[in-house]
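Reading the sequence shown from the start, the letters are residues -3 to 653 in the working numbering.
Report on one structure; see the data block that follows.
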Amino acid sequence: MRFRQVHLDFHTSEAIAPIGQRFDKKQFQEMLRLGHVDSITVFSKCHHGWAYHPSEANEIHPGLSFDLLAAQIEAAHEIDVKTPVYLSAGLDEKLARRHPEWLIRDENDTTGWVKGFLEPGYHQFCMNSPYLDILLAQIREVVSRYDADGVFLDIVGVRKCYCHNCIESARREGMDPRDEQAMRRLWERTYANYTAKVKETVESVKPGLPIFHNGGHIKRGRRDLAMMNTHLELESLPTGGWGYDHFPLSARYAQTLGVDFLGMTGKFHTSWGEFGGYKHPNALRYEAALSIANGAKCSIGDQLHPDGYMDKATYALIGSAYSEVESKEAWCADTSNVADVALLSLEAAGVHEKARDGLSKGASDAGAVRMLLEGKILFDVIDKEHDFSAYKALILPDYVAIDEPLRNKLELYLRQGGKLLATGWSGLDSAGEAFAVDFGVRYLGVNPFNPDYFRPGFALKSLGEASFIFYSEGQKIELNGGTELGRREDPFFNREAFTFCSHQHTPSSYNNGGPGMVESGSGIYIAWNVFEDYAKKGSLILKEAVLYALDRLLPDKTLQTSLPAQGIVTLQEQKERNRLVNHLLYASPVRRGDGVEVIEDIIPLYNVQVSVRTARPVRQVYLAPQMTPLPFSSNDGAVAYTVPELQCHQMVVMDYE
């Protein structure tokens, strides 16, 4: 997989003509060179349903008079740029108007993405319909006729559907269509059938051709779905609603799967389909650096103008990022992440049945990752299939259900010397009635006060002694052999119609509500949903408490640094080259307008201190790609150095014996 890719959207209405009249081979090549691009995804078929080449399996766009796809592939290949080919799989608006009976329907027979045909937008197809055969014919045609370097199929996944085809399929199999769990089995089977038939179609023409099915999210814990692709493309446009926390969470899971993957962002100020919108070059520099720092290749989304002329401003912008990536590739290929801690993803592990309704399942994972990034903890995000023994500590965030197989795996991990950090509902058995892991506490039930207060029994790094409000739901516990690290304090009462005080919550009564944070031989338990709370409120005490716990569980952290909270640090290993690569990044996204996160200024940092523990004797340390030697010291298995200046992204390479 190439490092510097562009995803060239070309969703072009039939109401626009002519199409591609300004396409010029030389200009296309000049823009790819300007952008330092080495792979570009070009279009066979768009969301409007039109082909951008002569076709018997589809129809060429009525405004197009030549084979645009062939011209783009020829131009790119001539300068050694690869060309995966895009087909809109889930959307085809031309065909939707002709065959609305093939569309996905909800329980009320309403279509999606848009309701009906009087709204601008697209309608999604059900793969349990005759549409699948048409799509397969389109795929077969493009891989047979064109020198494609891969196939990118968009807007697909396990889809909830109550169309007449799905209802009839369920009834033929003796299922009740009103039973959503039964229907989910059908929807999963529909998607698996679709991916299998696509693979069969492609393999019959070009064995080994890369295939990716894009659904916008790689679901943690569903390796079966992930492995229906030959590689992974993590769609994550920070300005398009994903935010800057999203990619690290996805990447830290994807790299553990052992497949090639890339991070997909966009050149747009907002998101896909924005003509005339441009990020600041520093934003793209940072986003590309964030990809390679997490073991990923890079992809930047663009959208081609209907006239086929490549936008110079866009490729100058992309080139500002990709020129840097190009100079760094040698230290970013074939890497594995070095991690002390594993976050057992809540999405992958499953949620306690007794947890409250309306749970935002993504919040706990996101809050945990944000804390780990800010705390400069080296971590992976894992599922239950992963080898826990690879990590010094394992985090169970907020709602992890401990069933019998997981309990057995955790007990083995603890016997091998591992430590747990569990919060909230995590650690309880599947019934939510008792702890499945011995944290030195006895479970008494859901705490009746919400919110309530935490008084730490330890000194905080940046806050004084106080009772701190915790907004999330908590569990009430009592000591049973553990050591209290902090206690709960009850408010006077919960805020209700006849008992309320001031503008928000009731102050602390100073009454001891029992332990709130406890340490035992198994690790540390914190009795609130602190990660969900941090994702929603961002209160500093939550992070301070978690990082204090991790400091106790990790007395010999692999990496320590003076990099500020907003900075990001990773440690990647190139085992075949006998070297460690320390990535340091720093930028400060600012929320503007309607919640868009913008990076504009890059503030340099000076004299950033780093210490890395390694069992291998280090021969030399240098800055990359500058190749500047860096003074270092070795003491008790730790290599220490100071990075003199950090602007956006800096790599420090440690060659070991």
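Backbone N, C-alpha and C fix where the C-beta goes; we use that ideal spot for every residue, glycine too.
No experiment lies behind these values; they were computed from the predicted model shown.
- For L459 against E540, the beta-carbon gap comes to about 6 angstroms, under 8 angstroms, which counts as contact.
- Within 10 angstroms of the beta-carbon of R248 lie 16 or more other beta-carbons, which makes it buried.
- A straight-line Cα-Cα distance of about 7 angstroms links I288 and C294.
- Here the alpha carbons of V442 and I465 stand approximately 17 angstroms from one another.
- If you ignore the 5 residues before and after G262, its C-beta comes within less than 6 angstroms of the C-beta of L233, G297, all in its own chain and listed in chain order.
- Per DSSP, the beta-bridge partners of F466 are D448.
- Taking the Cα positions, P58 is about 35 angstroms away from F(-1).
- Each of Y439, L538, H44, Q120 was checked against the Cα of D102, and the nearest Cα belongs to Q120.
- Rounded to whole angstroms, the separation of the alpha carbons of Y82 and L131 is 12 angstroms.
- Cβ-Cβ distances below 7 angstroms link T266 to T235, G236, G273, V592 in the same chain, with the five nearest sequence neighbours on each side left out; the list follows chain order.
- Boundaries of the alpha helix (DSSP H) harbouring S319: 308 to 324, taken from the DSSP string.
- Within the stretch 253 to 284, no alpha helix (DSSP H) run of at least 4 residues lies entirely inside it.
- Per DSSP, reduced to three states, the secondary structure at I537 is helical.
- Apart from sequence neighbours up to five positions away, the residues of its chain that approach S558 with a beta-carbon distance below 7 angstroms are V604, Q605, ordered along the chain.
- Under DSSP, A620 forms a beta bridge with M647.
- Nearest C-alpha to E381 among E115, D220, G453, Q134: D220.
- In the DSSP assignment, K195 falls within the alpha helix (DSSP H) that extends over 176 to 201.
- Beta-bridge partners assigned by DSSP to P487: S504.
- By the neighbour-count criterion, in which 16 or more other beta carbons inside 10 Å mark a residue as buried, N631 falls on the exposed side.
- Residue pairing by DSSP puts G441 in a beta bridge opposite K472.
- C-alpha of D597 to C-alpha of H348: approximately 43 angstroms in a straight line.
- Counting only the Cα atoms, M513 lies some 22 angstroms from T502.
- With fewer than 16 other Cβ atoms from the protein chains shown falling within 10 Å of its own Cβ, A455 counts as exposed.
- Residue pairing by DSSP places W109 opposite H119 in a beta bridge.
- Taking C-beta atoms as the reference points, D145 and T79 count as a pair closer than 8 angstroms.
- Checking the DSSP bridge columns, you'll see P625 partnered with Y618.
- Each residue's CA atom was taken as its position, placing N333 and T191 some 30 angstroms apart.
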